[in-house]
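Here's the structure, in structure tokens; my notes come after.
Number of protein chains: 4
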Amino acid sequence: MAGSTKDSLMQAAVRLFAAKGIDGTTTREIAAAAGVTEGAIYRHFVGKEALVEEIFHRHYLPFAAELDAARGTAEGAEAELRAVVRRVYAAFDRDRDLFAFLLLAQHGPMRRIADGAATPVRVIEKLVRAGQRAGTIRRMDARLATQIVLGAVLQPATGSLYGEVSPPLIAIADQVAEAAWRAIAG
Amino acid sequence: MAGSTKDSLMQAAVRLFAAKGIDGTTTREIAAAAGVTEGAIYRHFVGKEALVEEIFHRHYLPFAAELDAARGTAEGAEAELRAVVRRVYAAFDRDRDLFAFLLLAQHGPMRRIADGAATPVRVIEKLVRAGQRAGTIRRMDARLATQIVLGAVLQPATGSLYGEVSPPLIAIADQVAEAAWRAIAG
Amino acid sequence: MAGSTKDSLMQAAVRLFAAKGIDGTTTREIAAAAGVTEGAIYRHFVGKEALVEEIFHRHYLPFAAELDAARGTAEGAEAELRAVVRRVYAAFDRDRDLFAFLLLAQHGPMRRIADGAATPVRVIEKLVRAGQRAGTIRRMDARLATQIVLGAVLQPATGSLYGEVSPPLIAIADQVAEAAWRAIAG
Amino acid sequence: MAGSTKDSLMQAAVRLFAAKGIDGTTTREIAAAAGVTEGAIYRHFVGKEALVEEIFHRHYLPFAAELDAARGTAEGAEAELRAVVRRVYAAFDRDRDLFAFLLLAQHGPMRRIADGAATPVRVIEKLVRAGQRAGTIRRMDARLATQIVLGAVLQPATGSLYGEVSPPLIAIADQVAEAAWRAIAG
DNA sequence: CATGAATGAGCATTCATTCAT
DNA sequence: AATGAATGAATGCTCATTCAT
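Residue numbers (the numbering used here), protein chains in the order written: chain A, 5 to 190; chain B, 5 to 190; chain C, 5 to 190; chain D, 5 to 190.
The following block contains the structure:
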């Protein structure tokens, strides 16, 4: 299959980035983990930064679209939120390394890239604003409400990475969705 | 004045770490920002890692103690939570760089250090368990409830660093405390 | 050609080590003398110390074996000593830098390595003990007799490095061998 | 007493130089071993090199004079040699560190300094030339004969530093002197 | 005399990247 | 496509030395 080495590199990079950070991971380590030499990286990516960006693009924006689609299938803000949380935790359970990478990449060099785009944050914000218009979500700053929900949902995922919460996360999805809902319900 | 250079170094380091990450900040940069040469770092710290650890120790554990004290002055879990959130946001407003550093250092090399100790996380957990015993907080996994509250409180701080929420945070402390409370209230 | 850069590095290192000592020679200088950049050193050696050790291993123990072989071809301790001295001085004339390096490395970090092994010192000691059993060498502490012979043979080589004795040393090999022999003959 | 710190520094330096070489010993280590701070070194010496030179001057040339005096009290080359060896080994037994330093300093930066001067080497050479004139020492290149004797005498000292020969050396002085004498006797 | 903080040049080593094969 | 050798800049750190106190 075409791109086998490229995939190995991206997979190895995700694992290492999740464990040691982007700056803390060297090209040598990535190559070694993928079973190739450093030079091979540059056959598939312009450089380390491009490798990071490609992983991010390949997963972050599609993930936002996936989330938005899940939201669209539900009726009412509460059901939408439950659908979104389920989808987030399913993604987490599917590939923890990738999720951890996405979590930390947002604080790093990916800030600009994710700026205007349809990110997961914007999906939740849309949901919040619709709920407020419908009167089911309390009147408060929508950006703030979004951050509160985001934190309530993502922090258990982070906590799971560090052993504070037991996997799989899908098992607690509805519980968290309900808690997040009460936090902002009108 | 005692410790002037050492303090300059720590202050400069916090600012740079918050902006570019620990691995992304060089000793050269820290020294330049503090107005000294690199060698001076090593008169005050064993190495870069020791500098990171000293900043962490000097602020993280004391911060947890401060939080626990704030919690102790309030009556009932709801009031306790409000007091804790106020204290957290006051700390954030006081020194955003330091708060940002503390936030990211937890994911990095500080994990072990903060392990058993009386961390902010444990302060909230204590509050949650007490509330559950008193029947004011819903019966659910205490660790999970802690993570939900933690996320609801800290994510707005993170969002503030990235322009999603307007400073000062103290202005929204009670609002957030109330939202976090509803999320877990019985 | 195999190992060209590696060989250049080792050759350059030997020359510089002989002239300025191991601690007194920098990786910068070695790389420059070999016509490469510093980084190239680390493709071939784990570090500076490993470079020193590899030079030592590649020459010191083989040299001991060569000496032992020369000893084995002669009959009687006196002839053996003459054969050994000839071989030592031939090696010196062949590569003075290498010999100088071997001489000084023995006092430095190579002490342990050469400890139990079949070193040149042990070759001479074997010769001495055999001579004593045969009655051609005086009864005295074999270790001491070995050191006396060793000094009588090596000091002219050291002296040659400093202009006290004219090269080539092979020209005085028999003379020195005879003097060393008389020193310990029965 | 005046010069107490200076003496401590020189004594500490000798010990460290003997153990780790001159380049391998740092000013920090010397200061620490002497119980002062680095700055104190520069109150007594222009720099590290001056410290090395002062130790060398204070001991090497006086030692040569002592040797020459010892030689002068004996009658005939053989007796002279015995007197010299006794004095050398007595010096070794008195301060092994100092002797080891002197031994290695000769290969290092002290070469020029010791060049024209009345060094121990020249004392032995004088003895050899006189013996050759008197007919008691074989006719051979005097510089070579000097090196042979030098090696036969000093190598057991070096060997003693490395555990090949048991101290005290004064116990084997006459034995070594006799061996060295036979090596060059007519 | 001695300290302790600071310097600035230099150290061994590592990095992301290039390129001939 | 991939390798393996090489680069050159940068990294964290150490060195001998200086100097105000």
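Even for Gly, the Cβ is constructed at its ideal location relative to N, Cα and C.
Quick caveat: nothing in here was measured; it's all calculated off a predicted structure.
Proximity of the stretch 88–95 of chain D to the stretch 56–76 of chain D meets the contact definition, three or more beta-carbon pairs being nearer than 8 Å. Residue D:V125 holds the alpha-carbon nearest to the alpha-carbon of D:L107 among D:V125, D:G120 and D:A121. DSSP assignment within the stretch 130–169 of chain C yields the following whole alpha helix (DSSP H) runs of 4 residues or more, N-terminal first: 146–165.
Under DSSP, C:A189 takes part in a beta bridge, and its partners are C:I141.
For the options B:E82, B:D99 and B:G135, the alpha carbon positioned closest to that of B:R19 is the one of B:D99. For C:T31, the secondary structure class from DSSP, reduced to helix, strand or coil, is helix. In this structure, the straight-line span from the alpha carbon of C:A54 to that of C:P113 is close to 11 Å.
Around the Cβ of A:S8, a 10 Å sphere holds fewer than 16 other Cβ atoms; the residue is exposed. Spatial neighbours of D:R147 in its own chain (CB-CB distance under 8 Å, excluding positions within 5 residues in sequence) are listed in chain order as E129. Cβ-Cβ distances below 6 Å link B:I152 to A187 in the same chain, with the five nearest sequence neighbours on each side left out; the list follows chain order. Proximity of D:P160 to chain C, defined by a Cβ-Cβ separation below 8 Å, is satisfied. Interface annotation, B:I188: in contact with chain A, CB-CB separation under 8 Å.
Annotation: the continuous alpha helix (DSSP H) that includes C:D11 extends over S8 to K24. The stretch 50–65 of chain B makes no contact with the stretch 130–149 of chain B: fewer than 3 CB pairs, one atom from each, lie closer than 8 Å. Residues of chain D whose Cβ lies closer than 7 Å to the Cβ of C:A184 are, in chain order, A187.
The residue among C:T29, C:A104 and C:A44 with its C-alpha nearest the C-alpha of C:S12 is C:A44.
At a C-beta separation below 7 Å, B:E168 has these neighbours in chain A: R147 and Q151. The three-state reading of DSSP puts A:I128 in helix, counting H, G and I together. Taking a beta-carbon distance threshold of 8 Å, B:D101 does not count as an interface residue toward chain A. Between D:G155 and C:Q159, the CB-CB gap stays under 8 Å. Between B:A37 and B:A16, the CB-CB gap stays under 8 Å. Ranked by Cα distance from C:K52, the options C:F21, C:A81 and C:A189 are led by C:F21.
Interface flag for D:R116 against chain C is unset, since no Cβ pair is found closer than 8 Å. For a Cβ distance threshold of 7 Å, residue set M144 of chain B lies close to A:Q179, ordered along the chain. No Cβ of chain B is located within less than 8 Å of the beta carbon of A:L20. Against B:D27, the close residues of chain A are G25, D27 and G28, in the order they occur along the chain (beta-carbon pairs closer than 7 Å). At least one CB atom of chain D sits nearer than 8 Å to the CB of C:I176. For the options A:E168, A:D101, A:T140 and A:A78, the alpha carbon positioned closest to that of B:D145 is the one of A:E168. In this structure D:A181 is buried. Its beta-carbon is surrounded by 16 or more other beta-carbon atoms within 10 angstroms. No Cβ of chain C is located within less than 8 Å of the beta carbon of D:G120. By the neighbour-count definition (other C-beta atoms within 10 Å, threshold 16), B:G120 is an exposed residue. Inclusion of C:I26 and C:V50 in the CB contact set at 8 Å is not warranted, their separation being larger than that value. A distance of 8 Å or more separates the beta carbons of B:A81 and B:T123. No Cβ of chain D is located within less than 8 Å of the beta carbon of C:L65. A direct Cα-to-Cα measurement between C:V127 and C:R137 gives close to 16 Å. For C:A118, the secondary structure class from DSSP, reduced to helix, strand or coil, is coil.
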